[in-house]
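Sequential numbering of the first sequence, starting at 1, is according to the UniProt record's numbering. Every residue gets a Cβ at the ideal spot worked out from N, C-alpha and C, and that includes glycine.
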Amino acid sequence: MVIAHADVDAFFVSVERRDTPRYRDRPFVVAAEVVACASYEARELGVHAGMPLARVLHRWPEVVVAPPRDERYSRAGEELFALFRRYTPLLQPGSMEEAFLDVTGRDGGDPVALAAGLRRTARRELGLPVSVGLARSKLWAKLAGRRAKPDGLVVIDAEREAELRPALRLEGLWGVGPRTVPRLHEAGLFTVADLAGHDETSLAAIVPTAMVRTLLAIARGTDDATVRIPGPRRSVSAQRTISPPTRTRSTVLGVLGTVVGLAVDRLGHDPRRPSRLEVTVRFDDGTIRTGRAPLPGAVADPAGIERVARRLLEGTGWEDDGRGVTLAGVVLFLAAAREVPGQLALPFAPGLPDG
DNA sequence: TCTGGGGTCCTAGGACCC
DNA sequence: TCTGGGGTCCTAGGACCC
């Protein structure tokens, strides 16, 4: 099994620099009010994504700024994936600008040459720097890719993987997140080697069962090497934070209406009807409550969806105590592809639910 | 390190059916 | 009538990723 992780370095920055030479070779960020993407030169200064632009310019006036151009990035992403598909159809997107590629058997016995060719082609045809990590599994390809940045290629073969594995820090693992890391640390576990004395039972006392499996697989070297080709999207969503926290009914209902509208807009020209609705509220103590319900076949318009959303909102009991509301959001779940209207065998058969 | 927004997947528990 | 087991579906919540 040979997995490649391919990823454009500083994606937004690289697209802007391709189009505009004066953005090159200097600290540069793509930012609206906060930094969306910082060049490696800017990162050296201490700039990072999420930083308010005003603070950046106050401290480092030499930083050059360009506003984000989302359509440009989407198109660059599409071109990138078209390029990936020339190497293998077995690819699992991680985001607009990165993917895992299963290149097993497609590398002519030389995955390094394949990866180098991919990088060269991306540079020549798209003008973008793509870093590639090559390894046995997705985790290790991702780790190799991290080491490859910027603009490099790193291979971690089985031998090297076995050397590196014990010292791997748990907080650096792909798939081990911010909820799990503190629990592991509290239990005295910091590296993969620390997992050696543990099994399903002992780890289950520390983290949830799915995470137990993830951790043991990493420790045993049987972690996931399956590249999953995504089907059609399963959901669209929208959420908005509310600041300051509110207990005003009209405010909460107003935000709910807004996010329903945004989510419906996101459906775009998708021919599928949303089959379920989820409503989420977050309180000022960080607690989240959700409600979910089917959307009857008759409900397809924003007003109808909003009625169901209001009912689910009431069901969260948000008015029952003194807490303020800090976020409202909705998710529209889409029917599986086989339920797309027009693909039903008997669309007008009597007695069938109309959904 | 944090915030914010858009996604995916998994699990526990209960209901229901056979 | 009672018991048990298995499968499936639904809901609420949790965790992760970029």
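By the Cβ neighbour-count rule, ALA122 is buried, with 16 or more other Cβ atoms within 10 Å of its own. Bridge pairing for PHE100: HIS5, GLN92 [DSSP]. Listed in chain order, the alpha helix (DSSP H) elements of length 4 or more contained wholly in the segment 175–243 are 180–186, 200–204, 209–220.
When only Cα atoms are considered, GLY94 and ARG85 end up about 15 angstroms apart. Across the set ALA196, ASP265, GLY133, the C-alpha of GLY133 shows the shortest separation from the C-alpha of LEU114. The three-state reading of DSSP puts VAL325 in strand, counting E and B together.
DSSP, reduced to helix, strand and coil, places VAL63 outside both helices and strands of the structure shown, so it counts as coil.
With respect to the 8 angstroms criterion, ALA309 and VAL279 are classified as neighbours on the basis of their beta carbons. SER131 is classed as buried because its beta carbon has at least 16 other beta carbons within 10 Å across all chains shown.
Listed in chain order, the non-local C-beta contacts of ALA141 below 7 angstroms within the same chain comprise ILE3, ALA4, HIS5, PHE100, GLY133, LEU134, ALA135, local neighbours out to five positions each way being set aside. DSSP places GLY133 outside any alpha helix (DSSP H); the residue lies instead in the beta strand (DSSP E), whose first and last residues are 130–135.
Residue burial annotation: GLY77 is buried, with at least 16 other C-beta atoms found within 10 angstroms of its C-beta. Three or more beta-carbon pairs separated by less than 8 angstroms link the segment 59–72 to the segment 35–48, which places the two stretches in contact.
Taking every protein chain shown into account, the CB of SER74 has fewer than 16 other CB atoms within 10 angstroms, so this residue is exposed. Within the segment 279–308, complete beta strand (DSSP E) segments of at least 3 residues are found at 288–294, given in chain order. Between the segment 166–180 and the segment 188–207 there are three or more inter-stretch CB-CB distances shorter than 8 angstroms, so the stretches are counted as touching. Counting C-beta pairs closer than 8 angstroms gives fewer than three between the segment 226–245 and the segment 303–320, which falls short of the contact rule. Distance check between LEU334 and each of VAL103, VAL255, ARG266, THR258 places ARG266 closest, using alpha-carbon atoms only. Under the three-state reduction of DSSP, LEU312 is assigned to helix. By the 16-neighbour rule on beta-carbons within 10 angstroms, GLU33 is exposed. Taking each of ALA162, LEU184, VAL330 in turn and checking the Cα distance to ARG220, the smallest one comes out for ALA162. Exposure of VAL112 is indicated by the presence of fewer than 16 other C-beta atoms within 10 angstroms of its C-beta. A residue is called buried once 16 or more other Cβ atoms fall within 10 Å of its Cβ, and ASP7 is buried on that count. Within the same chain, and ignoring the five residues on either side of THR241 in sequence, the residues whose Cβ sits closer than 7 angstroms to its Cβ are THR326, LEU327.
DSSP places LEU168 in no beta strand (DSSP E); its state is neither H nor E.
Cβ atoms of ILE206 and LEU173 stay farther apart than 8 angstroms, at about 15 angstroms. Out of GLY315, GLY329, PRO208, the CA that lies nearest to the CA of LEU262 is found in GLY329. Taking a C-beta distance under 8 angstroms as the contact criterion, LEU277 and LEU332 qualify as a contact pair.
For the 8 angstroms CB-CB criterion, GLY254 and ASP284 do not form a contact. Inclusion of PRO27 and ALA49 in the CB contact set at 8 angstroms is not warranted, their separation being larger than that value. Per DSSP, the continuous beta strand (DSSP E) segment holding ALA38 begins and ends at 35–38. Taking all protein chains in view, the Cβ of ARG119 is crowded by 16 or more other Cβ atoms within 10 Å, so the residue is classified as buried. Counting only the Cα atoms, ASP25 lies some 34 angstroms from ASP102.
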